[in-house]
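Trainee: Got a structure for you, questions after.
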Amino acid sequence: MLNKENENIQNTPEEIKFIPCTLCGDCTERCPRQLDIPTLIAAYNEAVQNYSWYVEDVIYKLEKNKKPQSCINCGSCIPLCPRDIDIPDIMKKFSKIIKENS
Ligand code: SF4
Ligand code: SF4
39 MLNKENENIQ NTPEEIKFIP CTLCGDCTER CPRQLDIPTL IAAYNEAVQN
89 YSWYVEDVIY KLEKNKKPQS CINCGSCIPL CPRDIDIPDI MKKFSKIIKE
139 NS
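Each number in the working numbering corresponds to the 1-based position in the sequence shown with 38 added.
What follows is the structure, given as structure tokens:
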């Protein structure tokens with residue numbers, strides 16, 4: 039799902055992958071996997087710029103079933119996000135980045 043912000047994102051290379059998450063946490067209420075979505079999106083935003091020690095540390099400290107790969111793409115989080123962020127898509131992209139850097 040693309041929102042207005044994501045459409046704008048496509049205009050400038052520097053912002054193309056940045057997700058405008060406010061870390062409000064509303065999306066976590068119905069996640070059947072109880073993923074810490076705000077933390078994962080913050081790490082994703084870092085990872086797309088630089089797969090740094092910070093990203094590795096966040097991923098390393100997560101329990102195996104709390105990593106972005108655990109997202110089942112159910113979509114329950116999407117209607118809860120005031121920024122209309124396609125969270126499962128971000129989890130999918132983040133999983134790919136992690137795999138490429140492991
Ligand atoms: S789509 Fe993924 S992150 Fe969103 S509620 Fe479902 S399992 Fe959780
Ligand atoms: S609801 Fe949206 S803006 Fe709030 S923490 Fe979740 S992804 Fe970020």
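Glycine is no exception: its CB is placed at the ideal position from the N, C-alpha and C atoms.
For L73, does the count of other Cβ atoms within 10 angstroms reach 16, so buried, or fall short, so exposed?
Mentor: Along the sequence shown, read from residue 1 onward, the residue named residue 73 stands at position 35. Buried, since its Cβ has 16 or more Cβ neighbours within 10 Å.
Trainee: In this structure, how does DSSP classify I136 when only helix, strand and coil are distinguished?
Mentor: In the sequence shown, counting from the first residue as 1, residue 136 sits at position 98. I136 falls in the helix class under three-state DSSP.
Trainee: According to DSSP, simplified to helix, strand and coil, what is P120?
Mentor: Within the sequence shown, numbered from 1, the residue matching residue 120 stands at position 82. Note: P120 maps to coil in three-state DSSP.
Trainee: Considering only their Cβ atoms, is the gap separating C59 from I123 smaller than 9 Å?
Mentor: Within the sequence shown, numbered from 1, the residue matching residue 123 stands at position 85. Within the sequence shown, numbered from 1, the residue matching residue 59 stands at position 21. For I123 and C59, yes; Cβs fall inside 9 Å.
Trainee: What's the call for C65, buried or exposed, on a 16-neighbour Cβ count within 10 Å?
Mentor: Looking up residue 65 in the sequence shown gives position 27. Buried.
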